[in-house]
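What follows is a set of notes on a single structure, which appears directly below.
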Amino acid sequence: MNVIATLNHKAAQPILAAVLLAAVTIASFGCGGDESAPASPIPSASGPNVVEMSVIDLIFEGPDEISSGWTTFRLKNTSGMIHFAVLERLPDDRGIAEQQQEIAAVFQRGMDRINQGEADAAVEAFGALPEWRNDIIYMGGPGLIAPWQTAETTVLLEPGTYVLECYVKTVGVFHSYNPVPELYGMVHEITVTDEPSGAQEPVADIDITISSERGIDVEGDIGLGRHTVAVHFEDQVVYDHLYGHDVHLVRLTENTDMDALAAWMDWSQPHGLETPAPAEFLGGLHEMPAGQTGYFTIDLKPGSYAWIAEVPDPAGKMMLQTFNTSVR
Ligand SMILES: [Cu+2]
329 MNVIATLNHK AAQPILAAVL LAAVTIASFG CGGDESAPAS PIPSASGPNV VEMSVIDLIF
389 EGPDEISSGW TTFRLKNTSG MIHFAVLERL PDDRGIAEQQ QEIAAVFQRG MDRINQGEAD
449 AAVEAFGALP EWRNDIIYMG GPGLIAPWQT AETTVLLEPG TYVLECYVKT VGVFHSYNPV
509 PELYGMVHEI TVTDEPSGAQ EPVADIDITI SSERGIDVEG DIGLGRHTVA VHFEDQVVYD
569 HLYGHDVHLV RLTENTDMDA LAAWMDWSQP HGLETPAPAE FLGGLHEMPA GQTGYFTIDL
629 KPGSYAWIAE VPDPAGKMML QTFNTSVR
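Those letters in the sequence shown? Residues 329 to 656, per my numbering, in order.
Structure (structure tokens):
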């Protein structure tokens with residue numbers, strides 16, 4: 329029934345194997361995101377190298393060129409919709425135009441088929457993804473962030489061409505896809521130069537280790553107030569939705585439907601990642617290759633929260649971990 333799972337076992341198997349190989353063999357970066365962060369810095373010896381980004385409607389605004397090294401993305405969501413900004417390092421000979429035409433458009437064609445209940449046609453559509461998608465390196469990036477909130481994420485960047493992308497959906501259309509010909513979706517290309525930022529690696533007080541076998545494992549005192557969270561990627565795999573695991577923070581209420589929340593984390597389902605979200609997301613860190621560490625900052629208030637991954641069935645993968653700050 330899962331179209332993407334079917335795809336995995338059919339046309340895309342060689343593609344996915346190559347994606348997995350790339351994810352396991354590539355190295356270098358770090359990142360983190362935060363919530364309604366006032367402009368307070370992440371601890372470091374020389375101060376953070378902050379790249380200010382904002383979301384206005386369905387558009388990322390920010391610099392086109394930044395230095396390399398440890399880099400903090402502060403993503404201010406000034407829209408009434410949930411978004412995120414997964415950071416993707418593109419192969420050297422690719423840019424935003426190819427990302428839009430050869431990947432975003434293909435994903436939308438496949439999603440259209442899923443929404444219409446045409447499983448076989450969806451599998452065929454996703455089979456058109458180009459082989460060079462296997463060479464994209466996912467470098468973290470600010471996690472799911474609710475309307476009017478700010479996410480703060482720190483990553484170690486090597487020089488290259490990158491794209492920030494939001495593939496949250498609204499009425500079945502990925503934000504990263506623009507149905508108007510010649511117009512781009514919610515993507516932003518950034519050139520990372522050879523010039524080093526000089527910023528130091530953040531110092532974390534909460535450590536999360538995530539793996540496909542043991543899920544999300546948290547160490548540290550999760551008390552009230554601000555924290556810098558390190559996420560250590562023990563391994564990385566490609567799941568049925570064609571992406572790997574990551575970590576987001578979500579605030580829960582007594583009305584939160586946990587089953588609906590878990591189901592929402594799978595974009596390949598018709599209601600997955602569809603706005604509005606079933607709970608308030610407060611930032612996080614998108615997927616990174618095995619062996620890498622990234623960072624994000626959070627500001628906890630009394631209440632209930634969960635760490636959750638954007639994967640199919642996060643609870644079954646031990647990637648949905650709830651906690652309560654008021655009882656600690
Ligand atoms: Cu978006």
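We treat Cβ as the ideally placed atom computed from N, Cα and C, and that holds for glycine. This one's a predicted model, so the numbers in the text were calculated from it and none came from an experiment.
Less than 9 Å between the beta carbons of residue i and residue j, yes or no?
i	j	result
D535	H503	no
T482	F624	yes
C494	H599	no
G471	V575	yes
A474	L610	yes
I431	L457	yes
I538	H573	yes
Y512	I384	no
V496	M409	yes
L485	G397	yes
A558	A479	no
Q428	V515	yes
P630	T603	no
P376	P530	yes
Y490	R417	yes
V520	S395	yes
E638	L601	yes
Tell me whether residue i counts as near ligand 1, meaning its Cβ is closer than 8 Å to at least one heavy atom of that ligand.
i	result
I384	no
F609	no
I410	yes
H599	no
M514	yes
V414	no
V546	no
V496	yes
With a threshold of 7 Å on Cβ separation, who are the neighbours of residue i within its own chain once the five nearest residues in sequence on each side are excluded?
i	result
P642	A590, M593, I636, L648
G607	It should be noted that the sequence gives Ala, not Gly, for residue 607. These residues qualify, in order along the chain: V578, R579, L580, T584, L589.
D587	none
Q436	V501, F502, Y505
W460	P419, R422
G553	D627, L628
Could you have a look at residue i and say whether DSSP puts it in helix, strand or coil?
i	result
K645	helix
I431	helix
R417	strand
A479	strand
V496	coil
T625	strand
L484	strand
N462	helix
G619	coil
W592	helix
I384	strand
E426	helix
V565	coil
E452	helix
T537	strand
R542	coil
N443	helix
D587	helix
G631	coil
G468	coil
G553	strand
T653	helix
G390	coil
G526	coil
P369	For P369, the predicted structure reports a pLDDT of 42, less than 50, and the residue's modelled location is therefore unreliable. The matter cannot be settled from this model.
G408	coil
G438	helix
Quick check on residue i - is its C-beta less than 9 Å from some C-beta in chain D?
i	result
W592	No chain D appears in the structure shown, which is made up of a single protein chain.
Got a sec: does ligand 3 put a non-hydrogen atom nearer than 8 Å to the Cβ of residue i?
i	result
H503	Only ligand 1 can be found as ligands here, which leaves ligand 3 out of the picture.
What residues in its chain sit with their C-beta under 6 Å from that of residue i, if we drop five residues either side in the sequence?
i	result
H555	D533, I534, I626
D545	T537
E547	D535
G543	K645, M646, M647
G488	R417, V520
Spatial neighbours of residue i within its chain, please: CB distance less than 8 Å, with the 5 preceding and 5 following residues excluded, ordered by chain position.
i	result
N405	S382, V383, H411, I473, A474, P475, W476, Q477, T478, A479
When the Cβ atoms of the stretch 497-511 are set against those of the stretch 524-539, are three or more pairs found closer than 8 Å?
In the pairwise beta carbon analysis, the stretch 497-511 is classified as not touching the stretch 524-539: fewer than three pairs are separated by under 8 Å.
Any contact of the stretch 390-397 with the stretch 459-469, i.e. 3+ C-beta pairs under 8 Å?
Contact between the stretch 390-397 and the stretch 459-469 is absent, with fewer than three C-beta pairs closer than 8 Å.
Would you check if the stretch 562-569 and the stretch 615-634 touch, i.e. whether three or more CB-CB distances between them fall below 8 Å?
Contact between the stretch 615-634 and the stretch 562-569 is present, because at least three Cβ pairs lie under 8 Å.
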